[in-house]
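Remarks on the structure that follows.
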Amino acid sequence: MKISIIFDTGRVGEAITSKVILERKIPFNILTAKIDAKGGEMLIEAPDDKAAELIEAFKEKGVHVETRKFVEIVPDKCINCGQCYSICPVDAIIYDEDYTITLKQHDCIGCLQCVDSCPFGAIVKVS
Ligand code: SF4
Ligand code: SF4
Numbered sequence: 000m001k002i003s004i005i006f007d008t009g010r011v012g013e014a015i016t017s018k019v020i021l022e023r024k025i026p027f028n029i030l031t032a033k034i035d036a037k038g039g040e041m042l043i044e045a046p047d048d049k050a051a052e053l054i055e056a057f058k059e060k061g062v063h064v065e066t067r068k069f070v071e072i073v074p075d076k077c078i079n080c081g082q083c084y085s086i087c088p089v090d091a092i093i094y095d096e097d098y099t100i101t102l103k104q105h106d107c108i109g110c111l112q113c114v115d116s117c118p119f120g121a122i123v124k125v126s
């Protein structure tokens with residue numbers, strides 16, 4: 000999974016990446032890194048089964064983390080049955096007070112279990 004790690008000016012001088020690697024011992028590839036004294040962005044590729052832990056580790060260090068948009072809901076097809084809500088491993092799909100579902104893109108790790116679970120083809124992979 001590809002994850003963007005965004006460093007702001009206040010955090011760019013800290014050895015955050017090294018600390019995450021040492022503490023979590025999760026290997027990942029650094030695909031690109033555009034960082035200077037003002038901050039910047041590092042794009043990494045993490046093992047799918049470790050992505051959630053890695054995202055959490057960077058967030059704990061106060062770094063902004065973004066994942067690519069992996070799935071989206073097709074409103075015309077969705078009947079709000081909740082099947083995808085039940086299966087999402089990171090609670091990226093929530094039920095609103097009016098019993099409609101909402102996808103929280105920032106929390107989605109792209110496992111695609113919701114796509115496979117929807118009986119109506121109402122949640123689809125974004126290519
Ligand atoms: S499983 Fe499909 S129809 Fe049911 S709430 Fe999720 S997206 Fe909507
Ligand atoms: S792709 Fe996975 S993490 Fe993202 S909303 Fe679907 S079930 Fe949740």
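In numbering that gives the first Met the number 0, the protein residues as written are 0 to 126.
Here a beta-carbon is modelled for each residue, glycine too, at the ideal position from N, C-alpha and C.
Around the C-beta of G109, 16 or more other C-beta atoms lie within 10 Å, and the residue is accordingly described as buried. Under the DSSP assignment, K58 falls in the alpha helix (DSSP H) whose first and last residues are 50–59. With a threshold of 16 other beta carbon atoms within 10 Å, A32 falls short and is exposed.
Between K60 and I15, the gap from beta carbon to beta carbon is short of 9 Å. Residue state for E44 is assigned as strand, using DSSP reduced to three classes. Closest option to C113, judged by alpha-carbon separation, among D35, V89, D95: V89.
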